[in-house]
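Peer 1: Take this structure, written in structure tokens, and hold onto it; I'll ask about it next.
In my numbering, the protein residues as written are 1362 to 1509.
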């Protein structure tokens, strides 16, 4: 992100949590920001307000009541603690084999299934569904299922 690079050059700390985008974009990188168009900045306000605002790529602070809102360091620390060694945050739900799940999107929405296997590299899950009086394996995007 352009703003992050320029803030770093100014000695202002920033953090951009990144995730694997799903569905994967047709063009561009499959790795993107967890919060598109947002960057966490560690700045002393009001002293560094102008230095941040005049940084290329910065549009505005998230503000409430006309003043930039503060976010506790524990929130950023928590996000950082969720990063894998590759610097990406995995947004899985902790689905495990044999969990019962409810399908919340797609053509099977409203049905239940049993988790057979998580496929984290593809952010998909293989579930067993009762179709035609037998358990049939079906692969679904992980975000389409919720623990029942």
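Don't be surprised by glycine CBs; every beta carbon is placed ideally from N, CA and C.
1. Can you have a look at residue 1441 and say buried or exposed, based on whether 16 or more other CB atoms are within 10 angstroms of its CB?
2. Using DSSP with H/G/I as helix, E/B as strand and the rest coil, what is residue 1435?
3. Between which two residues does the alpha helix (DSSP H) harbouring residue 1414 extend?
4. Using DSSP with H/G/I as helix, E/B as strand and the rest coil, what is residue 1364?
5. From 1416, 1483, 1487, 1423, pick the residue whose C-alpha is nearest to that of residue 1365; which is it?
6. Could you check which residue in 1467, 1496, 1483 has the C-alpha nearest to that of residue 1476?
7. Rounded C-beta distance between residue 1375 and residue 1406? I'm assuming under 8 Å.
8. Going straight from the alpha carbon of residue 1457 to that of residue 1485, what length do you get?
Peer 2: By the coordinates alone:
1. Residue 1441 should be labelled exposed.
2. helix
3. 1410–1414
4. Note: residue 1364 maps to helix in three-state DSSP.
5. Cα-wise, what sits closest to residue 1365 is 1416.
6. 1496
7. About 14 Å; that fails the 8 Å criterion.
8. Straight-line Cα distance between these residues: approximately 13 Å.
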